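Each step along the sequence shown adds one to the number in the working numbering, with nothing skipped, and position 64 is 1214.
Okay, so here's the structure we're looking at.
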Amino acid sequence: MQDDFKKLRAENARLHSLLKITQSLASVLDLETLLSRIMDEVCLNLKADRCTVFLLDTDTNELWSKVAKGVKKEIRFPADKGIAGHTATTREVLNIPDAYADPRFNPEIDKKTGYKTKNILTMPMHNNLNEVIGVFQVLNRIDGPFTKQDEELLQAISYIAASAVENAQLYDEVNKSFISFIETLSTTLDARDYITSGHSRRVTLYAVEISHLMRLSKAEVDIIRYASLLHDIGKIGIPEIVLFKNKQLTEEEYEIIKRHANLSKSILSKIHFQKHLREIPMIASTHHEKIDGSGYPLGLKGSQIPLGGKILAVCDVFDALTSRRQYRDRMEIEKVVELLENETGSSFEPFIVYQFKNIPLNILIQILEFGHNDDLDTNDLKILKDYTLKDIIQVRKKNQKTEKEIELERIFMRYYSRKYRI
Ligand SMILES: [Fe+2]
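Take a look at the structure:
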């Protein structure tokens, strides 16, 4: 009677843990977070010291793990090697009470890491089609070797984890194909508009940096990133004779150029964006709006312009003025900042200009010199890292400079004013 009661209690606890694990895994779509959570749950429920989930890469036939507790880098090895490989190929559950007494165990990893493996439990992870998608490797149960109950519990966790992992992988694939689509569209524009090649990329890098300085959420940063990549996509619909004219534009021609903002909106509105990305067409099409209402295409004012559009407006102008063209160099950096400041409050949102001036110089130089980053000296970047755009402007305006300031200006200007074929 007592035994039955004990069994019932143990079974109840097991079901309770499984329910908690199901709830905990069901809400996670990010693969890295999910794997980390699965490993934590396994360690906790099997009272183990370490757990690794190796996923099977069917393209390379390797097992890999992105996050293993205590190991930072990605681990990859042939899918038939080692104890995990044995389980992946034979589908056999291995419960090894003494690792060093088992000839399949490779002690080399312990030697490298200083870890002492005592006992091991490995289990394959199957999908709905009964294909192996990964392997659990659990190490060092705290109270001695793994039991039959541990095997059963891991088996049950494995079923729950497999469907969560497949979901996350699918979500990851969908995201990757979406991002590659957006990037291809942006590259298509750059390929046509060779004069401003790289503009969309650089504007994106500035906009993302400002978004981070403003501590926007990852979802907000993503919207701004994609809107930035595509903000000028409407230029595809502008005739080349106007777009590439290297003389002063007539008023009529300027009106034609201005159409690109609306065109960006109508092109992007054709894309089926996921719900959380639906603001992209609106943000992209407001990058020429000004907060005093004097911009285009709609003449929106202040709060009518989305934050992303306001960020883009500053980044767009900064990049246009600091880009090298075949017929002219970059505008002097003090003049660029002066121009931004003069239009703060009329064209630009003050807080965004303020944040733009807070961009660290190492990042600013990497964006300005995008496409030439191989030429950047890492020691120079280390020095620039401690200063911002605001600092370099102050230094440039000073009459009496310290040695440190002279060095900072020399490094920054060496890149800012260097000349090479475009
Ligand atoms: Fe534009």
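No residue lacks a Cβ here, since even glycine has one placed at the ideal position from N, Cα and C.
Model, not experiment: these values are computed from the prediction.
Between residue i and residue j, what straight-line distance do the alpha-carbon atoms span, to the nearest angstrom?
i	j	result
E1302	A1249	21 Å
D1442	T1354	24 Å
I1580	K1440	The structure shown does not extend to residue 1580, since the chain is modelled only from 1151 through 1572, so no value can be given for it.
I1406	K1216	50 Å
K1385	N1195	57 Å
K1415	M1432	6 Å
S1327	I1430	17 Å
G1459	K1547	31 Å
D1300	H1426	41 Å
D1153	A1160	10 Å
I1345	R1478	12 Å
Y1356	R1375	10 Å
Q1544	I1360	20 Å
E1553	D1343	43 Å
S1336	N1280	41 Å
H1236	E1242	7 Å
K1223	M1481	43 Å
K1298	A1377	54 Å
A1234	D1527	43 Å
F1423	R1409	23 Å
L1538	V1486	Here residue 1538 turns out to be Thr, not Leu, going by the sequence shown. Roughly 15 Å separates the two Cα atoms.
T1334	L1379	10 Å
F1501	I1188	42 Å
Y1565	I1515	7 Å
M1569	R1428	Met is not the amino acid found at residue 1569; the sequence shown has Lys there. The alpha-carbon atoms of K1569 and R1428 are separated by roughly 41 Å.
V1503	S1496	12 Å
D1536	P1510	7 Å
E1212	F1394	50 Å
L1169	E1191	12 Å
H1362	V1464	15 Å
K1266	S1367	41 Å
L1304	H1276	13 Å
G1452	Y1446	13 Å
D1209	D1466	41 Å
A1229	T1240	11 Å
N1438	I1417	The sequence shown places His at residue 1438, not Asn. Between H1438 and I1417, the C-alpha separation is close to 17 Å.
S1313	N1278	8 Å
Can you give the beta carbon distance from residue i to residue j, rounded, assuming they're within the 8 Å contact cut?
i	j	result
A1176	L1206	Contact doesn't hold; Cβ gap of about 23 Å is too wide.
L1457	Y1321	With a Cβ gap of about 27 Å, L1457 and Y1321 do not count as contacting.
Q1287	F1204	7 Å
N1269	I1246	6 Å
S1435	A1411	5 Å
V1315	L1184	7 Å
R1352	L1289	Incorrect: roughly 47 Å between the Cβ atoms, too far for contact.
L1471	L1489	7 Å
I1292	K1197	5 Å
L1339	S1350	6 Å
K1532	K1507	Actually they do not touch by this definition, with Cβ atoms about 21 Å apart.
With 16 other CB atoms within 10 Å as the buried threshold, where does residue i fall?
i	result
A1658	Given that the chain is displayed from residue 1151 to residue 1572, the structure contains no residue 1658 and the question cannot be resolved.
V1324	exposed
I1307	buried
I1574	No answer is possible for residue 1574: it lies beyond the span of the chain, which begins at 1151 and ends at 1572.
D1530	buried
Y1309	exposed
D1469	buried
I1391	exposed
G1220	Confidence at G1220 is low in this model, with a pLDDT of 48, below 50, so its placement is unreliable and the value that follows should be read with caution. G1220 comes out exposed.
D1252	exposed
D1382	buried
T1202	buried
Y1404	exposed
H1522	exposed
E1484	exposed
N1163	As written in the sequence, residue 1163 is Ala, which differs from the Asn given in the question. Exposed, because fewer than 16 other Cβ atoms sit within 10 Å of the Cβ of A1163.
N1492	exposed
P1274	buried
T1272	buried
F1296	buried
I1561	buried
L1158	exposed
H1166	exposed
G1232	buried
E1114	Nothing can be reported for residue 1114, as the shown portion of the chain is limited to 1151 through 1572.
A1369	exposed
L1399	exposed
Taking only runs that begin and end inside the region 1284-1356, name each unbroken alpha helix (DSSP H) of 4 or more residues, in chain order. 1298-1342
Hey, which unbroken runs of the alpha helix (DSSP H) at 4 residues or more fall wholly within the region 1439-1509? 1457-1472, 1483-1492 and 1500-1506
Contained alpha helix (DSSP H) runs [length at least 4] in the region 1377-1405, N- to C-terminal order: 1390-1393
Could you give the uninterrupted runs of the alpha helix (DSSP H) lying entirely in the region 1524-1572, keeping only those of 4 residues or more? 1528-1534, 1539-1547 and 1553-1566
Which runs of the alpha helix (DSSP H) fall wholly inside the region 1199-1276 and span at least 4 residues, in chain order? 1232-1240 and 1258-1263
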